[in-house]
Structures are given as C-alpha cells and as structure tokens.
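*Asks:* Chains as they are written, first to last, in the numbering used here: chain A, 1014 to 1259; chain W, 1014 to 1259; chain G, 1014 to 1259; chain S, 1014 to 1259; chain L, 1014 to 1259; chain F, 1014 to 1259.
Where is the CB? At the ideal position from N, CA and C, for every residue including glycine.
All values derive from a computational prediction rather than experimental measurement.
Protein chains: 6
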Amino acid sequence: MSFERTQGRAADALRPVQLQRRYTRHAEGSVLVSFGHTRVLCTASVEERVPPHKRGSGEGWVTAEYGMLPRATHTRGDREAARGKQSGRTQEIQRLIGRSLRCVVDLAALGERTITLDCDVLQADGGTRTAAITGAWVALHDAVTGLLASGRVARSPLRDAVAAVSVGIVDGTPLLDLEYVEDAACDTDMNVVMTGAGGFVEVQGTAEGAAFSRAEMDRLLALADAGIRRLVEAQRAALAQPLPDA
Amino acid sequence: MSFERTQGRAADALRPVQLQRRYTRHAEGSVLVSFGHTRVLCTASVEERVPPHKRGSGEGWVTAEYGMLPRATHTRGDREAARGKQSGRTQEIQRLIGRSLRCVVDLAALGERTITLDCDVLQADGGTRTAAITGAWVALHDAVTGLLASGRVARSPLRDAVAAVSVGIVDGTPLLDLEYVEDAACDTDMNVVMTGAGGFVEVQGTAEGAAFSRAEMDRLLALADAGIRRLVEAQRAALAQPLPDA
Amino acid sequence: MSFERTQGRAADALRPVQLQRRYTRHAEGSVLVSFGHTRVLCTASVEERVPPHKRGSGEGWVTAEYGMLPRATHTRGDREAARGKQSGRTQEIQRLIGRSLRCVVDLAALGERTITLDCDVLQADGGTRTAAITGAWVALHDAVTGLLASGRVARSPLRDAVAAVSVGIVDGTPLLDLEYVEDAACDTDMNVVMTGAGGFVEVQGTAEGAAFSRAEMDRLLALADAGIRRLVEAQRAALAQPLPDA
Amino acid sequence: MSFERTQGRAADALRPVQLQRRYTRHAEGSVLVSFGHTRVLCTASVEERVPPHKRGSGEGWVTAEYGMLPRATHTRGDREAARGKQSGRTQEIQRLIGRSLRCVVDLAALGERTITLDCDVLQADGGTRTAAITGAWVALHDAVTGLLASGRVARSPLRDAVAAVSVGIVDGTPLLDLEYVEDAACDTDMNVVMTGAGGFVEVQGTAEGAAFSRAEMDRLLALADAGIRRLVEAQRAALAQPLPDA
Amino acid sequence: MSFERTQGRAADALRPVQLQRRYTRHAEGSVLVSFGHTRVLCTASVEERVPPHKRGSGEGWVTAEYGMLPRATHTRGDREAARGKQSGRTQEIQRLIGRSLRCVVDLAALGERTITLDCDVLQADGGTRTAAITGAWVALHDAVTGLLASGRVARSPLRDAVAAVSVGIVDGTPLLDLEYVEDAACDTDMNVVMTGAGGFVEVQGTAEGAAFSRAEMDRLLALADAGIRRLVEAQRAALAQPLPDA
Amino acid sequence: MSFERTQGRAADALRPVQLQRRYTRHAEGSVLVSFGHTRVLCTASVEERVPPHKRGSGEGWVTAEYGMLPRATHTRGDREAARGKQSGRTQEIQRLIGRSLRCVVDLAALGERTITLDCDVLQADGGTRTAAITGAWVALHDAVTGLLASGRVARSPLRDAVAAVSVGIVDGTPLLDLEYVEDAACDTDMNVVMTGAGGFVEVQGTAEGAAFSRAEMDRLLALADAGIRRLVEAQRAALAQPLPDA
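#1: Determine the direct distance from the alpha carbon of Thr1129 of chain S to that of Ala1085 of chain S, and round the result to whole angstroms.
#2: How would you label His976 of chain G, buried or exposed, when you count the other beta carbons within 10 angstroms and need 16 or more for buried?
#3: Using only CA atoms, which one of F:Asp1231, F:Thr1219, F:Ala1253, F:Val1046 lies nearest to Ala1149 of chain F?
#4: Return the first residue and the last residue of the alpha helix (DSSP H) that Val1245 of chain S is part of.
#5: Can you tell me whether DSSP reads Gln1217 of chain L as helix, strand or coil?
#6: Just to confirm before moving on: does the CB-CB distance between Glu1041 of chain A and Ala1057 of chain A stay below 8 Å?
#7: Is the CB-CB distance between Val1172 of chain G and Asp1119 of chain G below 8 Å?
#8: For Pro1257 of chain L, which three-state DSSP category applies?
#9: Using alpha carbons as the reference points, say which of W:Arg1028, W:Val1157, W:Phe1225 lies closest to Ser1043 of chain W.
#10: Under DSSP, the beta strand (DSSP E) around Tyr1079 of chain W begins and ends at which residues?
#11: Roughly how many angstroms separate the alpha carbons of Leu1234 of chain W and Leu1027 of chain W, rounded to a whole number?
#12: Of all Cβ atoms in chain G, is any one closer than 8 Å to the Cβ of Lys1067 of chain L?
#13: Would you call the segment 1166-1183 of chain W in contact with the segment 1049-1065 of chain W, where contact means no fewer than 3 C-beta pairs closer than 8 Å?
#14: Kindly indicate which residue of F:Leu1191, F:Gly1069, F:Ala1210, F:Ser1100 has the alpha-carbon position closest to the one of His1050 of chain F.
#15: Specify the secondary structure class of Ala1198 of chain L as computed by DSSP and reduced to three states.
#16: Cα separation between Met1014 of chain A and Val1194 of chain A?
#17: Taking only the alpha-carbon atoms, compute the straight-line gap between Gln1107 of chain F and Leu1123 of chain W and give it to the nearest angstrom.
#18: Let me know the secondary structure DSSP gives Gln1031 of chain G once reduced to three states.
#19: Pop quiz: Val1063 of chain A and Arg1126 of chain A are said to be a contact at Cβ under 8 Å. What is the actual Cβ separation, rounded to whole angstroms?
#20: In three-state DSSP terms, what is Ser1113 of chain F?
#21: Given a limit of 9 Å on CB to CB distance, which residues of the segment 1060-1087 of chain L reach chain G?
#22: With DSSP as the reference, label Met1014 of chain F as helix, strand or coil.
#23: Just how far apart, CA to CA, sit Ile1241 of chain W and Arg1142 of chain W?
#24: Using the rule of at least 16 other Cβ atoms within 10 Å of the residue's Cβ for burial, across every protein chain shown, is Ala1176 of chain A buried or exposed?
#25: Looking at Cys1132 of chain S: is its Cβ nearer than 8 Å to the Cβ of Ala1121 of chain S?
#26: Grouping DSSP H, G and I as helix and E and B as strand, with all else coil, what is Gln1020 of chain L?
#27: Is there a Cβ of chain S sitting closer than 8 Å to that of Cys1132 of chain A, yes or no?
#28: Determine the chain F residues that contact Arg1275 of chain S at a beta-carbon separation under 7 Å, and present them in chain order.
#29: My output table needs one value for Glu1105 of chain L: the three-state DSSP class, helix, strand or coil.
#30: Any residues in the segment 1097-1108 of chain S with a beta carbon nearer than 7 Å to a beta carbon of chain A? Which ones, in chain order?
#31: Can you tell which of S:Gln1099, S:Ala1152, S:Leu1082 has the C-alpha that lies nearest to the C-alpha of His1039 of chain S?
#32: Listing by chain order, which chain F residues have their CB less than 7 Å from the CB of Thr1056 of chain S?
#33: Between which two residues does the alpha helix (DSSP H) carrying Thr1129 of chain G extend?
#34: Look up Ala1057 of chain G in the DSSP assignment and say whether it is helix, strand or coil.
#35: Using a Cβ cut-off of 8 Å (strictly closer), state whether Met1014 of chain A contacts chain S.
Listed below in structure tokens is the structure:
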C-alpha cells in the first residue's frame, strides 16, 4: 500500500501553484510564489554595479539571497540576523538559486549590472528552495522586461526559463513536490532544476536512510521532468497576463 | 501655503489601515498590517519557557524582533543576516516594540511562557515601527485568545490595547502618520505609543533640523492622540471579525 | 508623602555638576563631566576626512560613540569588546548623543572633517547619557575653538549650546536628574535634550509600569526645562575659565 | 577529438589513490588520503558526549568538519579562522561529508558518543570533497576498530563502506575523477557518493555552462559507479594491512 | 652622545609614579595608576563564581581584561567594541597581566571566587601594560583586604607584591621606563615583571631592529630590577595610607 | 635526582629535527618541520602587493599566520574557523613568528611584495611555535631563492638565519626543547629566538609557579644558545640539499 497524500493528491501531482506578480511595489520584479502552503516572496533588484570579479569584464552578474522568517515554520526558529550568521543550510540554498538562474542568463547581454534575487520564505511547508527558484525566474523576467523597455539592454539576456521541483520516495512510493510531512518521512529526497528546453541544471539527490538504487533514481528523474514541464507552463501563463498594479 | 499630501490626504488623516488576521498559518497569531503602502507581517509565537531573568519568577515575558526585507525599500539594503549583525536602528525599533507591548501585559497572568512578536517589513513607506506596534498587538491578542481557549492561562494577561503613530512637522504643518517622502522632508519627527485608555507609553520626538518648541510639541501630541484613538478602533473592529481560515 | 532623595535633595534640584576641561592631553577636546557620582569622560577628536555619505559635499560630520567601563556599575558587566558586539542600549545611546550634537552644528561651516565624541562612563549612577551629551558639547566647543585658532574653520559651526537631563516620576513625585536608585524605582522615565535657546532637540519618554498622562508629561517637561537652563549655565561657566594645563 | 589528460590518463581512469593510515598519532583514526596531487588529512575523534538533539536517545552522532590550508591551492586563499567565518562552500562540503558517513552508520550501535571527522586539505588539485569522504571512512573504520577492541561498542556500527568520486564532461568527453584544470574547464560537474554495495548516497550534478541531457547524466553515473567500486577496493586493501606505528 | 630624555630625566630614572586608590566607588578595588602621562584605571571585581576549569576544585581564579579608550592616544584608534573584536595586541596584554598577578596569588587560599582586574587606559604615553600590572596589584590588594575584613577568606591569598617596568636601548643607551617617543625609537624593548622578593615573573624582550647581545640584555635586566624595587616601594607606600573616600 | 626524559634524552639535547623541503607543491616555499613528534607545515606565499602601511614605501612585508588542526592534540580542540575567531594564544604566536622573521629581513631589498608564512600544526607535542619559526625560515629562504632566480629581487633580503627553541626548568633541572609532558610540568618556561650570528631576537620567559631567579635565567639562556646553534646548522644542512620534487 502506498502513502496517502494530503487531500488525496496523486503521487505525480504538483500542489496548487500560484505566481503573483508585482506583489510589492519597489522592486524591479516581485513575485509571491506558492507551492501549496509554501509561500516565498521573490524580488529582483537591479543595481548598476558588479562584484569585483566582474569589473571591467563587460559582463553582469546574477545572484541570490535566501531567508526564512522566524515563524515561517511550525515552531519558531532563530532569526539569523540576531544570531549574527547565516546557517550552512541557508548558504547552500542561496548558492543553488544563484547558480540555477545564472545558467539561463547571458551575462554579456546583461551588461555590467547586477540583478539580486531575494527569496524570503513567508510560510514553509516543504519545497521552499524549489518554489524560490521557480518564482525568482519570473521576478527576474519582469526585471529584464523593464531593462528592455528602458533601453538599458538591447536584447534579453534570458536564454530560457528555469524551474525546480522536489521529488522523493516515501514508504516505497516516488512522490512529486513533497510537502513538509512527506519530506520529513522520506527515504530519498531529490531536488531537480531544469530549463524550459528540458535540460538539467542541478540534480541533488540525498539518501536519508538507506542508499537508493539506480532504478529509483530513474523514476524520480522522470517524475521531476514531468513536474517541471508543468511549472514552466505556469511561469509562462503568469507572464502572459498584464502586470498588475502594485 | 501648507504641504500637499499624496492623494489630497488631510493633515490629520491616517492612511488606509488594514489588519489582516491569520495571514500565515503556523503562528499562534499572525497579522499583516498596512498603513497605506507600508506593510508589516507581525507573528506572535508562544513558547513554554522564559529568559534567564524570569526563571522561577512565575512571570512570563513578551519580546519583539524586527526586520526589513532587503527590497522592502526603494533601493535594496543589505540583508542583516548576511552582514552578520543587526543595525542600531533595528535594535532600537525592536526594543521599542517590546517595551510598548509589555506595558499592557500582566506578566504574572501570562505565567512562565514567552510570546515573541516578529515584525517583518514586506514593504516600507514610512511608519514601519508604528505599524508594527499596532499590528503586533492584534497578533498578540490572537495568541492570548488561543491560550485562554486551551486553558493554559486562566484570565487574559492583556490589560489594554496599545497602538502607535508617527507625527511630524513638514514645511511648518503638523501632519499625522507620515509616509516616506514626508518623513524625509520633516523638521520634527515624533513617534507616539498610547494605550486604549489614552495613556502615553512612549513619546520619542526628534528635531531633524531646527529644535522644536513646546507649542509645536503640543500640537503634535494632540494629532497623535486623535490618530491613535482611530487605530485602536481599527484594532477592535478587526478582532470583532471571526478568525479567517489560513 | 513623597519620595526621600539622597542627602535631602529637592525634587527639582540637580546633583552637583562638574565639567573638568582638558582632563586628558591628546584629544582636541577632553571633558570629565560629573552629575553627582556619575562620571563620563568625553573626548572630541578632529579628523580630516568624512564618512562616504558626506564625501564631496563640502560638509563635515559629527558623530558619537559610547561605552561603559565594565566596573563602572555596582556589579561588573561584560566588556563589549570581549563579547564582540555593542548592546542595543549602547547603540541607542550613541545614536542619541550624535543626533543631539548635530542639531546645533552647521555642518557646512565645519567643512569636510569629522569630529567624533567618545563618551566613556568611568562611574555610573544614573543619567549617563544626559551627562554625556552635556559634557560632550563642552568638549566639542574646545575642539572648535582649536579649529578657529588654527584658521581651519573661518567661523564657528556651533549655532547654540545643547544639554540634557533625565526626569521621572517616583512614587507619584516628579523628580529632576534621577540617580540610579531613583531610575530603578520610577514609573515614568524621560530624557530631554534642549538647546541653549530653550528649543527641544529630543524628548524620549517611557512608561516603565503604568502609562502616563498628559498632565504628568507636562510637569516633567517643565522640570526638565528648568534643569537644562542651569546645565547650560554650567557649560558657559566652565568655558569662561582659561583652559587648564593637561 | 577528445580532451588530453595529464600523463595520458584514460577518460575512465582514477588518479593514483593512496590511503596512509595512522598519519598522526593522537587521533583514534588518522588517514592521509591522496587522489593524485590532492591530499587530505582525515582524523576521527571519539568523544563520550552527543549534541543536544541526541541526548538521552541512546544513539550517537557522526559529524564532519572541513578546512583548506591557506596555501593548499595555487594562489593563497584567506585563512577562514582569521576572516572569522567559514565560507558557504566550506559549510556545504562539511555537511555533505557528514551526511555521507552517517548513511552507513548505525547510530544506535554506536551508543551515546560522537565521532568527528576533521578533513583538512594539505594540497588541492580537484576532488577534495570526494577524497575527504573516501579517506574519512577509513579513519572512521580505524576509530570503530578501537571502540570494538576496548569493548566500548559491542558490534560494529558500520553497515557498509562509503566512497566518492567526481565526474564531469570536458569538451564533450565524460571524464572520471577530475583534477583541477579539468574541473575548471568542465561544462558539467557531478559528485557521486556510493556505498560498498553500490547504492547511491548523494548525487550532486551541476551544469556549469549549458544544461546537460539525461543521456549525459547516464554516462556520468556509469563512470562514477565504476570508479567508486575501485575506490572501495582501495579502502579494503588499506584496511587489510596492519596498522603502522605512528 | 646619549639620548636626551624629556625634562632631563636620567637614563635609570622612573617617571613620576602615582597610585590613587578608590578612584571609583563601586569596585572592590579601584586604582588610577600614573607613570608620567600614562594613566590606567585598574579595578578589581570580586565575583562568587569560577570559570568552568576551576569548578569544584576549591580554588579561585584571577584574570584580567585590558582596553584603551579610543582617544587615549595621539590619534584616535578604533573602538574595539564597535569593530567587534579585540586586537591581538590587546589579548596579548591582558593575558600577560593575568599571568603576572596569578603568579603571586595562592588560588586555594582565595577559595572558589574570581577576581577580575579591568585595566582601562585613559591616557597613553608608553608603558601601559607595565603601569597596568603595577596598579592592578594594588587594586587586587584592596579587594583582598575587603575579603579578609568580611571574613570571606581566612588568610590573605597574596604571597608577594608584583610590579613591572619597560626598559629599552635607544641610540645605544639603555633606558628605564620608556615613554612613547622612546618606545617608538628604540632598538630593543623589554618588559620585565618581578615580585617584591626580586624574582622574575615575566621577561619579554624583543629586538625591534638589529638583534641584541647577551651583554645588552644583562644591562637591561639590571636597570629593570632597580626600577621595580622602587615601584614596589611605591605600592607599599600607597597601601600604607588610609583608604580615601570615594 | 633530576627529571627522567623520554627515551633517556639528555637535559641539553634537542629532539630529532627534520626539515622536509617542498612538502607541498603550490607554495613558493613549503617545509614540514619536525621537532620529535611535533610537526608543523610551513608554507611561504609570495604576493605582489603590500598592506596599506607599506604602500608606496618601496618596502615589502613579511607576516605569519598560525593554526592548529583540531586533532593535532591529545584531545580534540575547537576549530577556530568554526568558532569564528582566533584565540589569544593563536594571535600571540603568529605575531611572534612574524616579528622573528622580519628581524632578519631587509624589507627594502624585498621590494613592494608580501611573503606570508602559514604555519599549520599537523601534530603537537610541545614547542610548536619554536618549530614553526625554525621551519618557516627555511620556507622563506626557498621563496627568496625563487625571487632571486626569476630576477624579481636583485639581492637576497635575508640578512641572517633565525631559529627558536624552548627551555624550561622541570623539578629543578633546566631542560632544552621541552616536549608536551615536560611543558605541562615545568616551573619556568622560556622561548628564545636567535639569529645565526648568535644575537637575541626574542626572549619570552614565564614563571609558571614560583618566580625564577637571575641564576636560573642565565642557565636557561645558555642552554637555548647552544640548542639554537644546532638548529641553525640543521637549517643550513637542509638548504645544502637540492630541492626535491614535489
């Protein structure tokens, strides 16, 4: 017998996905992404400067920062600003988001400017990093649209879409888009980041208990592939709408 | 001629106030407060422990932490968690919020538990600290209602409401509830915190340019007093509604 | 019956005030200020550079730092340098001192240089921040006199004097210039900073227990006003003396 | 034409592997592992205490810390102890090493004690994290042998071996065990951790430039699988030797 | 021709020494020590607890902390509390002071309590660490006298006096008790700490330019020996006076 | 009866000394130095830049950093990078190493470049700082040889050799080159740094229990002098060998 998901969700079903553009008014791009109860505010900020390793290169930079509000979770966690440092987990996630987005950006076309994606989790229920990547790409797209409109870039530096989802094996059943209770219970957990064209950007699989087999990995990759196709459709549908008022 | 406010707002008018309860689902109280474009997420977290100075006292503790998302503002600010420390401004504000709330709480009636109010600014347009106090009190009230419902406290530790507003003199005109451009332009800036019964909890007045007179101070205090009465009404109206689903 | 003060001090009396100029020899201004047993060493240091936000502006900067020796107090406190960070209280106080002094300085007349006021508490008995402001202004004055004498500034950037005092209500009696035991016992505590001309620079009132009324606030402001007039006289008397040898 | 490797190494060949046991004398396990010019000192330290989340659980803990000597690399890097924090990369690696080892340890059989694997890179030439995992497992094995010999554990908590290797695609050719120049040139980079029984523990694949296809991933996983089998043989061969004098 | 000292001081002469007891009122011992223009406030704080490595040992602990006010020096230095860490020089000095005092204390006779000597430099003109040791011992003596008077210790834990002085070779001339300009000009610099009985506690000699010979070292040690005898006399003379009012 | 040393070592005998050049391949100089079981990896890194206080001076800089691997010692110590700061002991040692090496370097002959000596203790058994100085000088020599060979410096900036040893009194017997158990047991402990020509660079003597006499000091200095002569011979012998392959 397989694992029973919340509200009878199928093993290969995503949670309801929402991509609410212009959620805040100051940022060049601002998207509230929801994967079920997981909600992440992703803002894109354009700054006319680059980090030292890019100065004079003619190329720009795209980077990300990640944070979790202290009570985004079931029990309150420490505020990282008060503790005085970011956890290893936080740094790992923000490095992943940054790499994932840079993979679809032509930094030369961006020119010597930086776009920073701030991904702040308002409410957590599993999959915060995959929701963050998926939402941040939409925020990045809105920021790029602004750069094109103002003539600051001549052609879009975005080569493709990028989105992400988690997959895992719970009680022997491969599941798509794990929520928190599934994540806590799973034997194997994999985060997959793919482009709109279906190429892999990142694959991070971890055995939580026993090691996993090649066959299990193949099933998880197939689930992720199908899920990401639907996420990319959701990104495109969101961008097809007119930008709402802030 | 006096200063022209956005959308023809009167000098003694508040911006539109919203208090959206149960904005997130995990916290014992969770309120999104809006003062115009300023939006602060206030969560109340109940924990069954107290800081060292209260251990064994039979009394509880109420404290606050404050943060600003990096792109809550017109230009992106540093993430305090990444910089590794909270600014003096952040610490000053979170100490103010904590003191203001404790002034209306009977810590003995709360028992040996801590309620932490996390006030995180999603969008800033002036008055983030006063919005935070006003919203945090509603979140605190919802958390206390939960403690009463579960029988963990026998009577409400809340002695009164507390709310706050900023006032200032811009081009010689005393104004209520300053938005960002007014705050940046003002000569004198005052944050006032008052109880539902009309007592003063905190008065923090600062001359930005020239010193201010006693007469100016009196006019500002009167403006604040009237504004806070309306904020307390808004708090009560919000609490009179049934708690929405998360 | 009202509260009995140490040595029969009247409710509206200051403690003995001393302003010992040139207490140390290296600084451009150096004043040991005493409010009773509270003793704060205030030095003014002139540096020919400005912080980034003033570069190229033609204006100077005045800033303050505050510290408390570990055994300035009844029981030893942590050394902030050893703990690796300044407390919220320390930051709040040094920001207050800096703002208060800048309010009476014409930064354009100062030119592109910085004057830093270091206020270090050698012995604490209540009112360290108000003593610091009062003494720091005298140190600042001595530093400015040096700049005028050497021709580095053409006219004094000091527009007025500034001094500060605390007031509070203890057992129902409004008291001027609280010493430590009074501060610990008071219901309402207010720090007031005023110019020589009698304008308000900062008013920071805090209800420690119950909220305070408008009438109480008025009585406290009147007490502070009278006290600050006497402090400004003491500043002027100290400056009227020849500068002692170091 | 495919990429030419140093000293004519075949695309599917490991660099020379050495596992020098008891490299230092104080640690319960101490292994200098070499993958070609990459050299990592791995020590296992047994302590009779556990972190808070394991106290009273009857279970032990296995954790890892990673560091790189400042001049392990071609150009000198900052010393993390002097900078005052570990980089995101360092934290990511030490979390990976810890998870990988815990996957083959029965924490209940270990009992309430902690084994810490310190992996310090003396010389870096690509693959430091995979060498560290491979060497740390041997150090862990020696520490466990000591616990068995002294009767502190009744049966070995080690369920299997674990080893790791990097694979990547350089100029279209999939290569095993990348050295530094290959790592810098590669399009896709994957670190794979597997058990002695051939199960996957971690798979971390990253597209450096273009995204990678499922077919490329399959070829990389096959290369890694074969390489890890040989590494596990090398671990077993090293453990079959008598423990040298320190 | 030899080096000309300020005010014609002889090569083997100390600067004027002052030991002003009860300089502040809260500490169990409080001494303002002056070696010429160098002035250090040394307070001794008694606390009824010991650090972890002494718990349950029946022994006490004596430790020291050292700080320099930012404008104790000719040009303003950073405030260590604001920078967030103590410099290597500060740590070196406070470790030296602590070791020097412990050398003359019977920790078992002290019982399980800690005496902390805070040495804060109000004005620096060379020799701050030697003045600190010399003054701190007097503050420690006053604290011990209080413990004896209150019966908390049965016999004095002080086995002897301890004092310190710097010596150095400037332009070929060995000099006693270097002031700042001499210290900056010297070839060899030595800090010597000795007991009242004439035993060595610490000898720290450093060649600033060329290495120094055994003969030079012998001359410096002889100078230091004679100087410390006079400092110990000054300590005894200060303690022979009745304790002044604070 | 005097103290019995390990393996019958004479009181005035060094432990076996090894200086293994080119221990690692990337650094301009790299020496593994052993004093018995104490092993320190010393690398010299040449960088074409100088710290701010040397910019534009035409002079170079030589500095050192010191670290101890967590399990270099009998029981595991904290990793300083993880704790977020270097201990006072670490800073004291690295400052000593830097000063000792600079004493024999002509910084003008070095030109505007920096040589950093990283001294990392792989295994500790007493005398890590003296081994570090002795080994670092050889690494520095190899780096300088490279600069001469490439024509970047015209003449050697090394004016002499420098080496160091510890001496101490254990149970009344003066001993040369203390190992850990001797160091822990000794009454007086002295680290001596001398040049090849026999001049003193640093003398740091510390009484651990009772103060020490001038006669004891003289015996310790004589022991150290003889020991350092032999260490300088060992340095010269090591440098007389051809540089091995890495």
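*Replies:* Considering the structure as presented:
#1: For the purposes of this step, residue 1085 of chain S is identified with residue 72 of the fourth sequence, where counting begins at 1. For the purposes of this step, residue 1129 of chain S is identified with residue 116 of the fourth sequence, where counting begins at 1. The straight-line gap from Cα to Cα measures roughly 22 Å.
#2: Because chain G in this structure spans residues 1014 to 1259, residue 976 of chain G falls outside the shown range and cannot be described.
#3: Position 136 of the sixth sequence, counting from 1, holds the residue named residue 1149 of chain F. It is F:Val1046 whose Cα lies nearest to the Cα of Ala1149 of chain F.
#4: Position 232 of the fourth sequence, counted from the first residue, corresponds to residue 1245 of chain S. 1227-1253 is the extent of the alpha helix (DSSP H) around Val1245 of chain S.
#5: Walking along the fifth sequence from the start, residue 1217 of chain L turns up at place 204. In this structure, Gln1217 of chain L counts as strand in the three-state DSSP scheme.
#6: Locating residue 1041 of chain A in the first sequence gives position 28, where the first residue counts as 1. Locating residue 1057 of chain A in the first sequence gives position 44, where the first residue counts as 1. The answer is yes: Cβ separation under 8 Å.
#7: Looking up residue 1172 of chain G in the third sequence gives position 159. Looking up residue 1119 of chain G in the third sequence gives position 106. The question names Val, but residue 1172 of chain G in the sequence shown is Arg. Taking 8 Å as the Cβ cut-off, Arg1172 of chain G and Asp1119 of chain G qualify as a contacting pair.
#8: One-based indexing of the fifth sequence puts residue 1257 of chain L at position 244. Coil at Pro1257 of chain L, not helix or strand.
#9: To locate residue 1043 of chain W, count along the second sequence from 1; it is residue 30. That would be W:Val1157, whose Cα lies nearest to the Cα of Ser1043 of chain W.
#10: Stepping through the second sequence from its first residue, residue 1079 of chain W is reached at position 66. Its beta strand (DSSP E) spans residues 1074-1081.
#11: Position 221 of the second sequence, counted from the start, is the residue given in the question as residue 1234 of chain W. Position 14 of the second sequence, counted from the start, is the residue given in the question as residue 1027 of chain W. Whole-angstrom Cα-Cα distance: 15 Å.
#12: As a working note, residue 1067 of chain L is residue 54 in the fifth sequence. Not an interface residue.
#13: no
#14: As a working mapping, residue 1050 of chain F is identified with position 37 in the sixth sequence. Of F:Leu1191, F:Gly1069, F:Ala1210, F:Ser1100, the residue nearest in Cα terms is F:Leu1191.
#15: Indexing the fifth sequence from 1 puts residue 1198 of chain L at position 185. Reduced to three states, the DSSP call for Ala1198 of chain L is helix.
#16: Locating residue 1014 of chain A in the first sequence gives position 1, counting from the first residue. Locating residue 1194 of chain A in the first sequence gives position 181, counting from the first residue. In this predicted model, Met1014 of chain A has a pLDDT of only 46, less than 50, meaning its place in the structure is not dependable; the value taken from the coordinates is given anyway. Rounded to whole angstroms, Met1014 of chain A to Val1194 of chain A spans 18 Å at the Cα level.
#17: Stepping through the sixth sequence from its first residue, residue 1107 of chain F is reached at position 94. Stepping through the second sequence from its first residue, residue 1123 of chain W is reached at position 110. Distance between the alpha carbons of Gln1107 of chain F and Leu1123 of chain W is about 53 Å.
#18: Locating residue 1031 of chain G in the third sequence gives position 18, counting from the first residue. Correct three-state label for Gln1031 of chain G: strand.
#19: To locate residue 1063 of chain A, count along the first sequence from 1; it is residue 50. To locate residue 1126 of chain A, count along the first sequence from 1; it is residue 113. Right, the Cβ-Cβ distance comes to about 7 Å (below 8 Å), so this counts as a contact.
#20: For the purposes of this step, residue 1113 of chain F is taken as residue 100 along the sixth sequence, with counting starting at 1. In the structure shown, Ser1113 of chain F sits in a helix (DSSP, three-state: H, G or I).
#21: Glu1060, Glu1078, Gly1080, Leu1082, Pro1083, Arg1084, Ala1085, Thr1086, His1087
#22: The sequence position of residue 1014 of chain F within the sixth sequence is 1, counting from 1. Low local confidence applies: a pLDDT of 46 at Met1014 of chain F is under 50, so the model's placement there is unreliable, with the coordinate-based value given in what follows. It is coil, neither helix nor strand.
#23: What you label residue 1241 of chain W is simply residue 228 of the second sequence in a count that begins at 1. What you label residue 1142 of chain W is simply residue 129 of the second sequence in a count that begins at 1. Distance between the alpha carbons of Ile1241 of chain W and Arg1142 of chain W: 14 Å.
#24: Indexing the first sequence from 1 puts residue 1176 of chain A at position 163. Buried, since its Cβ has 16 or more Cβ neighbours within 10 Å.
#25: As a working mapping, residue 1132 of chain S is identified with position 119 in the fourth sequence. As a working mapping, residue 1121 of chain S is identified with position 108 in the fourth sequence. Contact: no.
#26: Translated into positions along the fifth sequence, residue 1020 of chain L becomes position 7. Note: Gln1020 of chain L maps to helix in three-state DSSP.
#27: Within the first sequence, residue 1132 of chain A is the residue found at index 119, counting from 1. No, because no Cβ of chain S sits closer than 8 Å to the Cβ of Cys1132 of chain A.
#28: The structure shown has nothing for residue 1275 of chain S, since chain S only spans 1014 to 1259.
#29: Taking the fifth sequence and counting its residues from 1, one reaches residue 1105 of chain L at position 92. Three-state result, Glu1105 of chain L: helix.
#30: Lys1098, Gly1101, Gln1104, Glu1105, Arg1108
#31: As a first step, residue 1039 of chain S must be located in the fourth sequence, where it is residue number 26. His1039 of chain S has its Cα closest to that of S:Ala1152, out of S:Gln1099, S:Ala1152, S:Leu1082.
#32: Here residue 1056 of chain S is taken as the residue at index 43 of the fourth sequence, counted from 1. Neighbours of Thr1056 of chain S on chain F, chain order: Arg1084.
#33: Within the third sequence, the letter at position 116 stands for residue 1129 of chain G. Note, Thr1129 of chain G: premise wrong, no alpha helix (DSSP H); beta strand (DSSP E) at 1127-1136.
#34: Mapped onto the third sequence, residue 1057 of chain G falls at position 44. If DSSP states are grouped into helix, strand and coil, Ala1057 of chain G belongs with the strands.
#35: What you label residue 1014 of chain A is simply residue 1 of the first sequence in a count that begins at 1. Low confidence applies to Met1014 of chain A: its pLDDT is 46, below 50, so where it sits in the model is not reliable enough to give any reading.
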